[in-house]
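Trainee: Numbering (the UniProt record's numbering), first residue to last: 1 to 348. Even glycine gets a Cβ: it sits at the ideal position worked out from N, Cα and C. Predicted model, so just to flag it, every value in this text is computed and none were measured. This structure is in structure tokens; I'll ask about it shortly.
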Amino acid sequence: MRAAVLHEARDLRIEDVPEPSPGPGEVLVRPRFAGLCGSDLHFWEGGLRGVVQDPLILGHEFSAEVVEVGPGVDDPAIRPGALASVEPMWTCGQCAPCRRGTYNFCRNMVWHGLSPKGGGMSALTVVRASMVHVLPESLTAVQGALVEPISVAHHAVSKARVPVGGSALVLGAGPIGIAVFLDLRARGVERIVVSEPSPDRRAAIAHLATLTGGGADLVLDPAAVDVPAAVRELTGGEGVDASIDAAGVEPAFHAAIAATRPGGRAVTVAVYMKPVTFHPMAAFLGGVDIVASCAYCNDFPAVIDGLVNGSYPLDGWVRPIPLEGVAAGFAALERGTELKLLVDVQGP
């Protein structure tokens, strides 16, 4: 069967690999669409990074059609032909975080699509039944592939605790930042400021703001304006209730703290590839809580409901590409010329 296999940095090949079969409690699925994620991009740029020794089948954000269930899978919804979104965490269920219900911190976590378990950029793959979220008939395979990244944003917004009618700053308007903006809007946050240096991404977020009714209060270019000062001016000198950093660069980290009101929250959901220099007094003087948001935990059902209700429009930021175009897609993401690319795994 065909799969997108990463051998080394920038060495991604579409090649034949053995077909898997489901074991007890597992499900054989046929991936339909798989997103190219920032984590995938880091692997494409830097190689296997010691995570695995052998070539890696990519794809952890994906929708799939159920093909076959293994022994012991008795959920009637998980049946051949059902369309599902896959939550790509293989967790142990035994460690302290798992016992507490915070399985996103599992000490023995294995990620589907970033491990020897296989990935969603293949003709077939095997996952646990507990990882399969069957989608309502009103949703498409494209929407199903976006449940995972939108769940990252949903988890971050939940941690931000912005009240209905409140205010927020989103730093970075890549796919996660866009999803954060849409999730904030769906929860009734009225004043949303977005900071993004790319003009194309600023245009995309402005378009989505119009689609979701009312538009963002301000879409800023951080290279041209002082973002915290602009936020304070908008909020009468107070600052926003929460800032959510989806940029992953040091200036965004500092801007998030500086733009947040006293007693508010600065949430970082970005994957930082480099450390930042931080003086604790920056948060101390305003009593700003600095909160990290890692992945998701029980967020898939709410995001699926939001997709059904139209809370996450895809217009202007999502584009499909063929499986053979994965390497070119990574190159485009590296150049910053694309937003969200979805691989049509079963396409021609």
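Determine the direct distance from the alpha carbon of Ala242 to that of Leu285, and round the result to whole angstroms.
Mentor: The count along the sequence shown starts at 1 and reaches residue 285 at position 285. The count along the sequence shown starts at 1 and reaches residue 242 at position 242. Taking the straight line from one Cα to the other gives about 16 Å.
Trainee: Sort Ile14, Ala9, Met1 and Leu6 by Cα distance to Pro322 and report the nearest one.
Mentor: If you number the sequence shown from 1, residue 322 lands on position 322. Closest by alpha carbon: Ile14.
Trainee: Please name the residue in Arg30, Asp75, Gly59 and Val52 whose C-alpha comes closest to that of Val66.
Mentor: Here residue 66 corresponds to residue number 66 of the sequence shown, with the count starting at 1. Among Arg30, Asp75, Gly59 and Val52, the Cα nearest to that of Val66 belongs to Arg30.
Trainee: Could I get the ranges of all uninterrupted beta strand (DSSP E) runs contained in the stretch 4-42, with 3 residues as the minimum, in chain order?
Mentor: If we require 3 residues or more, the beta strand (DSSP E) runs fully inside the stretch 4-42 come out as 11-16 and 26-35.
Trainee: Return the chain-ordered list of same chain residues with a C-beta closer than 6 Å to the C-beta of Ala123, the five sequence neighbours on each side being excluded.
Mentor: Sequence index remark: in the sequence shown, residue 123 carries index 123 (1-based). Taken in chain order, the residues that qualify are Met1 and Arg2.
Trainee: Figure out for me which residue from Arg161, Ala204 and His133 has the closest Cα to the Cα of Gly263.
Mentor: For this step, residue 263 is matched to residue 263 along the sequence shown. Ranking the options by Cα distance to Gly263, first place goes to Arg161.
Trainee: Excluding the 5 residues flanking Glu346 on each side, which residues of the same chain have their C-beta closer than 8 Å to its C-beta?
Mentor: Your numbering for residue 346 matches position 346 in the sequence shown. Note that residue 346 is Gln in the sequence shown, not Glu. Within the same chain, Gln346 has close Cβ partners Arg30, Pro31, Arg32 and Ala123.
Trainee: Among Gly120, Val276, Glu250 and Gly306, which one has its Cα closest to the Cα of residue 349?
Mentor: A question about residue 349 goes unanswered here, because the residues of the chain that appear run from 1 up to 348.
Trainee: Between which two residues does the alpha helix (DSSP H) harbouring residue 379 extend?
Mentor: Residue 379 cannot be examined here, being either before or after the span of the chain that is shown, 1 to 348.
Trainee: Is the beta carbon of Leu184 closer than 8 Å to that of residue 353?
Mentor: A question about residue 353 goes unanswered here, because the residues of the chain that appear run from 1 up to 348.
Trainee: Am I right that Val164 and Ala77 are in contact with their C-beta atoms under 8 Å? What's the rounded C-beta distance?
Mentor: Mapped onto the sequence shown, residue 164 falls at position 164. Mapped onto the sequence shown, residue 77 falls at position 77. Going by Cβ atoms, the distance from Val164 to Ala77 rounds to 33 Å, so no, they are not a contact pair.
Trainee: Beta-carbon separation of Phe300 and Ser85 under 8 Å?
Mentor: By 1-based counting over the sequence shown, the position of residue 300 is 300. By 1-based counting over the sequence shown, the position of residue 85 is 85. Taking 8 Å as the Cβ cut-off, Phe300 and Ser85 qualify as a contacting pair.
Trainee: Identify the residues that DSSP records as bridge partners of Lys340: which are they?
Mentor: The residue you call residue 340 lines up with position 340 of the sequence shown. Lys340 pairs with Val318.
Trainee: Reducing DSSP to helix, strand and coil, say where Gly93 ends up.
Mentor: Your numbering for residue 93 matches position 93 in the sequence shown. Gly93: coil per DSSP, three-state reduction.
Trainee: Please report the straight-line C-alpha distance between Cys92 and Tyr272, rounded to a whole angstrom.
Mentor: The residue labelled residue 92 in the question sits at position 92 within the sequence shown. The residue labelled residue 272 in the question sits at position 272 within the sequence shown. Near 26 Å, if we compare the C-alpha coordinates of Tyr272 and Cys92.
Trainee: Tell me the start and end of each unbroken alpha helix (DSSP H) in the UniProt domain "Alcohol dehydrogenase-like C-terminal" (175-305) that is at least 4 residues and wholly inside, in chain order.
Mentor: Here the runs fully enclosed are 175-186, 199-211, 227-234, 250-259 and 281-284.
Trainee: Answer with buried or exposed for Phe330, where buried requires no fewer than 16 other C-beta atoms within 10 angstroms of its C-beta.
Mentor: The residue labelled residue 330 in the question sits at position 330 within the sequence shown. Its Cβ being crowded by 16 or more others within 10 Å, Phe330 is buried.
Trainee: The beta strand (DSSP E) with Ala123 in it runs from where to where?
Mentor: The residue labelled residue 123 in the question sits at position 123 within the sequence shown. That residue, Ala123, is in no beta strand (DSSP E); it is neither H nor E in DSSP.
Trainee: Can you tell me whether Thr260 is buried or exposed, with buried defined as 16 or more other CB within 10 angstroms of its CB?
Mentor: As a first step, residue 260 must be located in the sequence shown, where it is residue number 260. When all chains shown are included, Thr260 counts as buried.
Trainee: Taking DSSP as the reference, what is the three-state secondary structure of His154?
Mentor: Indexing the sequence shown from 1 puts residue 154 at position 154. Three-state result, His154: helix.
Trainee: So what does DSSP say about Arg2, is it helix, strand or coil?
Mentor: For the purposes of this step, residue 2 is taken as residue 2 along the sequence shown, with counting starting at 1. Three-state DSSP puts Arg2 in a strand.
Trainee: What does the alpha-carbon distance come out to for the pair Glu334 and Arg79?
Mentor: Taking the sequence shown and counting its residues from 1, the one referred to as residue 334 is at position 334. Taking the sequence shown and counting its residues from 1, the one referred to as residue 79 is at position 79. Their backbone Cα atoms lie some 39 Å apart in a straight line.
Trainee: Nearer than 7 Å: is that true of the beta carbon of Pro116 relative to any heavy atom of the ligand ATP?
Mentor: This structure does not include the ligand ATP; it has no bound ligands of any sort.
Trainee: Between Gly101 and Gln53, what straight-line distance do the alpha-carbon atoms span, to the nearest angstrom?
Mentor: Within the sequence shown, the letter at position 101 stands for residue 101. Within the sequence shown, the letter at position 53 stands for residue 53. Straight-line Cα distance between these residues: approximately 31 Å.
Trainee: Touching or not, the stretch 199-206 and the stretch 111-122, by the rule of three or more beta carbon pairs under 8 Å?
Mentor: Contact fails: fewer than three Cβ-Cβ distances are below 8 Å.
Trainee: Can you tell which of Val157, Asn298 and Arg319 has the C-alpha that lies nearest to the C-alpha of Ile244?
Mentor: What you label residue 244 is simply residue 244 of the sequence shown in a count that begins at 1. Nearest C-alpha to Ile244: Val157.
Trainee: Among the residues of its own chain, which have a CB less than 7 Å from the CB of Asp16, if the five just before and after it don't count?
Mentor: Residue 16 sits at position 16 when you count from the first residue of the sequence shown. Result list for Asp16: Met1 and Arg2, in chain order.
Trainee: Among Tyr103, Glu338 and Leu28, which residue has its Cα nearest to the Cα of Ala295?
Mentor: Taking the sequence shown and counting its residues from 1, one reaches residue 295 at position 295. Ranking the options by Cα distance to Ala295, first place goes to Tyr103.
Trainee: State the start and end residues of the unbroken alpha helix (DSSP H) segment that holds Phe62.
Mentor: Here the question's residue 62 lines up with position 62 in the sequence shown. Premise fails: Phe62 lies in the beta strand (DSSP E), Phe62 to Val69, not in any alpha helix (DSSP H).
Trainee: What does the alpha-carbon distance come out to for the pair Val5 and Glu238?
Mentor: Residue numbering aside, residue 5 sits at position 5 when the sequence shown is read from its first letter. Residue numbering aside, residue 238 sits at position 238 when the sequence shown is read from its first letter. C-alpha separation (whole angstroms): 50 Å.
Trainee: Between Phe105 and the rest of its own chain, which residues show a CB-CB distance below 6 Å, the 5 nearest in sequence each way excluded?
Mentor: For the purposes of this step, residue 105 is identified with residue 105 of the sequence shown, where counting begins at 1. So the list reads Pro97, once near-sequence residues are dropped.
Trainee: Return the CA-CA distance between Ser130 and Ser151, expressed in angstroms with no decimal places.
Mentor: Translated into the one-based positions of the sequence shown, residue 130 becomes position 130. Translated into the one-based positions of the sequence shown, residue 151 becomes position 151. Cα to Cα, the separation comes out at about 16 Å.
Trainee: Taking the beta strand (DSSP E) that Val162 belongs to, which residues open and close that run?
Mentor: Stepping through the sequence shown from its first residue, residue 162 is reached at position 162. From DSSP, Val162 is part of no beta strand (DSSP E); its letter is neither H nor E.
Trainee: Please report how far the alpha carbon of Gly310 lies from the alpha carbon of Val194, in whole angstroms.
Mentor: Within the sequence shown, the letter at position 310 stands for residue 310. Within the sequence shown, the letter at position 194 stands for residue 194. Distance between the alpha carbons of Gly310 and Val194: 21 Å.
Trainee: Buried or exposed: which applies to Val276, given that a residue is buried once 16 or more other Cβ atoms fall within 10 Å of its Cβ?
Mentor: Position 276 of the sequence shown, counting from 1, holds the residue named residue 276. Exposed.
Trainee: Could you give the DSSP three-state label for Leu169: helix, strand or coil?
Mentor: The residue given as residue 169 occupies position 169 in the sequence shown. Strand, per DSSP.
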